[in-house]
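If you count the sequence shown from 1, position 52 lands on 40 in the working numbering, and the numbers rise without skipping.
Each residue gets a CB set at the ideal place from its N, CA and C atoms; glycine is no exception.
Read through the structure below, which is laid out as structure tokens, and then see the notes.
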Amino acid sequence: MHAMELITNHLVTDRWSNSRTPPTKSELTATGILRVQIDTASVKVRNGGPHDDKKDLKDDTTTSRVWTGVVPVHQIMGEPVASSDNVVKQVPASITTWIEDTNNLRKDHMIESMKE
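Here it is in structure tokens:
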């Protein structure tokens, strides 16, 4: 149960205290928590703009007709949509704050990743 609380609150601050607790027996049966040890990992990261070949950069015919640049992309979370069974009028602050903070963090990361 403690692991479920830690994981839930790691995803959304104070979500555990804003959820129905304790979980029902059927929820516990349907939920599994797996501990995994990662020994090695790798990641591919690109920062900054495109790195064109020097040959292309010296070719006026190419540089005068081919646009180069970056189209920034980041994922955002939209407005919460209540379930059809929901009777709580207002979305909890813990959820709206989490959405706002996450969206801002992702946008900042996108902007930073375009810098060299």
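Which residue from Lys77, Leu(-6), Trp4, His97 puts its Cα closest to that of Pro68? A check of alpha carbon separations from Pro68 across Lys77, Leu(-6), Trp4, His97 identifies Lys77 as the nearest.
Tell me whether the beta-carbon of Ser107 lies closer than 8 angstroms to the beta-carbon of Thr1. Here the chain covers residues -11 to 104 and nothing more, so residue 107 does not appear.
Taking Cβ to Cβ, would you say Arg3 is nearer than 8 angstroms to Thr9? No, Cβ-Cβ distance for Arg3 and Thr9 is not below 8 angstroms.
Taking the straight line between their C-alpha atoms, what separation do you get for Pro38 and Ile99? Rounded to the nearest whole angstrom, the CA to CA distance from Pro38 to Ile99 is 15 angstroms.
How long is the line joining the alpha carbons of Trp86 and Ile64, rounded to whole angstroms? For Trp86 and Ile64, the distance between alpha carbons rounds to 12 angstroms.
Whole alpha helix (DSSP H) elements within the stretch 8 to 61, 4-residue minimum: If only complete runs of 4 or more residues are kept, the stretch 8 to 61 shows the alpha helix (DSSP H) at 13 to 18, 42 to 45, 48 to 51, in order along the chain.
According to DSSP, is Glu104 part of a helix, a strand, or is it coil? Glu104 carries a coil assignment under DSSP once its states are collapsed to helix, strand and coil.
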